[in-house]
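Residue numbers (the working numbering): 25 to 567.
We put the beta carbon where it would ideally sit given N, CA and C, even for glycine.
Remember, it's a predicted structure, so these values are computed and weren't measured experimentally.
These notes concern the structure reproduced below.
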């Protein structure tokens with residue numbers, strides 16, 4: 025084992041003395057780890073003379089976080105330290121939002137981790153819900169106690185252990201999209217949408233590891249161009265920078281603008297230790313793009329005046345279209361890129377979650393079936409144009425129903441809790457062309473109203489399926505037209521468009537009834553005062 029550690033300390037592996045392991049296991053892992061002693065990763069006793077003694081104390085799942093300090097961490101201590109802080113390990117956002125929705129904590133920004141949820145002796149209803157439905161999908165899980173959507177290794181191995189090619193699994197930094205799909209095929213379904221898969225459709229594409237049927241749909245245009253997940257998401261997004269953040273959107277440092285409105289930096293001034301250790305060698309004078317916290321994107325470089333992205337999996341070069349600050353046009357300064365360019369997003373409404381006290385369900389805290397089963401029922405999810413919502417920073421993003429649901433059996437009174445909250449997201453569904461002007465300015469769905477008939481001139485909205493006792497509210501809606509208060513989100517400060525913003529959007533929608541989007545009037549400033557309609561027409565009472 026010492027020779028393996030010395031090799032890492034010197035910056036690269038060197039051949040090690042043979043161990044007894046190879047007498048039975050003749051196929052070492054392909055690549056750089058082939059010369060690392062087996063016991064450096066799997067523990068046990070490489071000098072033992074019997075199978076039993078050799079396997080004593082062995083770690084079959086190298087990289088599992090409860091033993092990682094003695095395995096991967098001996099060579100990669102920095103990465104092990106930071107990966108423990110990321111949402112994929114802590115699950116803080118999942119815990120916070122779940123307990124917030126159940127009414128147990130005042131905000132979704134909890135410091136509580138999934139590890140702590142699993143360790144508690146007297147779980148609350150939300151903690152029990154997490155332990156039975158959510159806690160099997162984070163880096164602390166092991167193969168025998170894991171969500172059935174997730175295949176592959178544990179801890180570090182969840183990303184870095186590839187398929188077994190007739191022997192030992194590959195161990196590499198070239199993380200293929202299939203390794204991301206297990207966890208990210210749930211919740212917002214971003215790995216499915218990106219790859220062109222959905223749980224509703226007409227062209228079957230097979231089944232996922234957990235048995236869900238999926239169908240072919242149009243993929244994200246980056247996926248269609250051959251880009252993998254790691255071509256955009258680098259080490260700080262995935263393995264962290266040492267700061268523990270509650271939610272994934274806080275952790276993710278790369279943005280559309282990182283490549284398409286790049287902030288350039290000289291590689292010699294910004295190259296980081298991780299990139300250097302991984303052999304990401306560039307000339308000091310190379311100009312690279314940077315992410316929002318200043319991390320250099322070593323694979324996005326300006327060459328001969330053209331920005332190019334090099335694929336991390338296949339080495340292909342892709343020219344990157346660059347746009348200027350005024351790309352979105354007058355009046356769209358608050359819009360994020362995905363507000364216009366994300367064509368669809370997963371949409372599911374009307375879910376019902378109830379506790380069946382007489383049932384039994386797998387408990388990830390106990391690794392066994394325990395009394396009480398959370399039963400979820402609802403309509404089939406589909407891809408549809410998303411609503412638009414506002415984040416705490418005031419910027420406008422796509423939004424989907426995070427919780428339009430009834431939760432029953434969540435407290436001593438067993439009074440059902442009615443939830444209507446939307447989640448802001450990047451659906452990973454960039455398509456050509458972008459959403460048309462009318463797709464937002466004349467759309468009930470974009471305004472957060474849900475499906476129904478919207479008359480932009482009379483400001484009347486008729487829901488397709490109204491909420492009983494709430495006139496003007498659609499069953500799949502986030503808010504109502506010109507409501508006194510905006511709909512709530514799953515983050516502090518997140519909300520639907522308010523009545524002022526709805527009016528502003530609809531003013532343009534009315535203009536679109538006469539003026540085509542390519543007319544010169546839109547290239548100046550599409551403001552109400554430029555219209556020839558009578559003064560005050562815009563703001564008079566409607567309906």
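Considering Cα atoms alone, identify which of 71, 448 and 180 is closest to residue 204. Closest option to residue 204, Cα to Cα, is 180.
So what does residue 427 bridge to, in DSSP terms? Assignment of beta-bridge partners to residue 427 by DSSP yields 445.
Looking only at its chain, what residues have a beta carbon closer than 7 Å to the beta carbon of residue 44, apart from the 5 residues adjacent to it on each side? For residue 44, where only same-chain residues beyond five positions count, the Cβ hits under 7 Å are 70, 71, 72 and 78.
Do you know how far the Cα of residue 213 is from the Cα of residue 270? When rounded, the distance between both Cα atoms is 19 Å.
Less than 9 Å between the beta carbons of residue 358 and residue 420, yes or no? In this structure, residue 420 lies closer than 9 Å to residue 358 by Cβ.
Pull up the CB-CB distance for residue 611 and residue 533, whole angstroms please, since I reckon it's below 8 Å. Residue 611 falls outside the range modelled here, since the chain spans only 25 to 567, and no answer is possible.
If you follow the alpha helix (DSSP H) that residue 118 is in, where does it begin and where does it stop? Per DSSP, residue 118 is one residue of the alpha helix (DSSP H) stretching across 116-125.
According to DSSP, which residues form a beta bridge with residue 82? Looking at the DSSP assignment, residue 82 forms a beta bridge with 67.
Excluding sequence positions up to five away, which residues of its chain have a Cβ less than 8 Å from the Cβ of residue 239? 221, 222, 223, 224, 225, 226, 227, 228 and 229, listed in sequence order.
My guess is that residue 103 and residue 263 are in contact by the Cβ rule of under 8 Å, so how many angstroms apart are they, rounded? Going by Cβ atoms, the distance from residue 103 to residue 263 rounds to 6 Å, so yes, they are a contact pair.
CA-CA distance, residue 261 and residue 276? Residue 261 and residue 276 have their C-alpha atoms roughly 5 Å apart.
On the DSSP letters alone, give me the boundaries of the beta strand (DSSP E) that residue 497 sits inside. Residues 494-498.
How would you write the range of the beta strand (DSSP E) that residue 282 sits in, first residue to last? Per DSSP, residue 282 lies in no beta strand (DSSP E); the unbroken alpha helix (DSSP H) holding it starts and ends at 280-284.
Cβ distance (whole Å) where residue 498 is taken to contact residue 473 below 8 Å: Right, their Cβ atoms sit about 6 Å apart.
Between 388, 341 and 308, which has its C-alpha nearest residue 167's C-alpha? Checking every option, the nearest Cα to that of residue 167 belongs to 388.
Exposure of residue 85, with buried meaning 16 or more beta-carbon neighbours within 10 Å: By the neighbour-count rule (16 or more Cβ atoms within 10 Å), residue 85 is buried.
Reducing DSSP to helix, strand and coil, say where residue 301 ends up. The answer is helix: DSSP assigns residue 301 an H, G or I state.
Helix, strand or coil for residue 502 per DSSP? Residue 502 falls in the coil class under three-state DSSP.
Along the chain, where does the alpha helix (DSSP H) that runs through residue 183 open and close? Run containing residue 183: 181-184, per the alpha helix (DSSP H) assignment.
Measure the beta-carbon distance from residue 171 to residue 160 and round it to whole angstroms, keeping in mind my assumption that it falls under 8 Å. Rounded, the Cβ-Cβ distance is 4 Å, consistent with contact.
Check each candidate in 196, 173 and 341 and name the one with the smallest Cα separation from residue 206. Restricting attention to 196, 173 and 341, the CA atom closest to the CA of residue 206 is found in 173.
In this structure, how does DSSP classify residue 111 when only helix, strand and coil are distinguished? DSSP places residue 111 in helix when its eight states are reduced to three.
Across the segment 285-297 and the segment 240-252, are there enough close Cβ pairs to call them in contact, namely three or more that are closer than 8 Å? With fewer than three CB-CB distances shorter than 8 Å, the segment 285-297 does not count as touching the segment 240-252.
The ligand FMN heavy atom lying under 8 Å from the CB of residue 395: Among the components of this structure there are no ligands whatsoever, and the ligand FMN is therefore not found.
DSSP three-state call for residue 534: helix, strand or coil? DSSP places residue 534 in the helix class (H, G or I) of the three-state scheme.
Starting from residue 365, follow the alpha helix (DSSP H) in both directions and report where the run begins and ends. That run of the alpha helix (DSSP H) goes 361-365.
Pull the bridge partners of residue 166 from the DSSP assignment, please. The bridge partners DSSP lists for residue 166 are 169.
Which whole-angstrom value is the C-beta distance of residue 416 and residue 516, which I expect to be below 8 Å? Between residue 516 and residue 416 the Cβ distance is about 6 Å, and since that is below 8 Å, they are a contact.
Residue 410 to residue 362, Cα distance in whole Å? Distance between the alpha carbons of residue 410 and residue 362 is about 11 Å.
Within a Cβ cutoff of 8 Å, which residues of the same chain sit near residue 29, ignoring the five residues on either side of it in sequence? Because the pLDDT of residue 29 is 37, which lies under 50, any placement of that residue in the model is unreliable, and the number read from its coordinates should be weighed accordingly. When the five nearest sequence neighbours on each side are left out, the beta carbons in the same chain lying within less than 8 Å of the beta carbon of residue 29 are those of 64, 98 and 99, in order along the chain.
Consult DSSP for residue 101 and reduce its assignment to one of helix, strand or coil. When secondary structure is reduced to three states using DSSP, residue 101 falls in the helix class.
Is residue 393 buried or exposed, if buried means 16 or more other CB atoms sit within 10 Å of its CB? The residue is exposed, with fewer than 16 neighbouring Cβ atoms inside 10 Å.
Would you call the segment 148-156 and the segment 371-387 in contact, with 3 or more CB pairs under 8 Å? With the cut-off at 8 Å, the segment 148-156 and the segment 371-387 touch.
Sort 259, 90 and 339 by Cα distance to residue 314 and report the nearest one. Residue 314 has its Cα closest to that of 259, out of 259, 90 and 339.
With DSSP collapsed to three states, give me the class of residue 206. Helix at residue 206.
Closer than 8 Å by C-beta to residue 317: which residues in its own chain qualify, once you throw out the five before and the five after it? Chain order, please. Result list for residue 317: 260, 265 and 277, in chain order.
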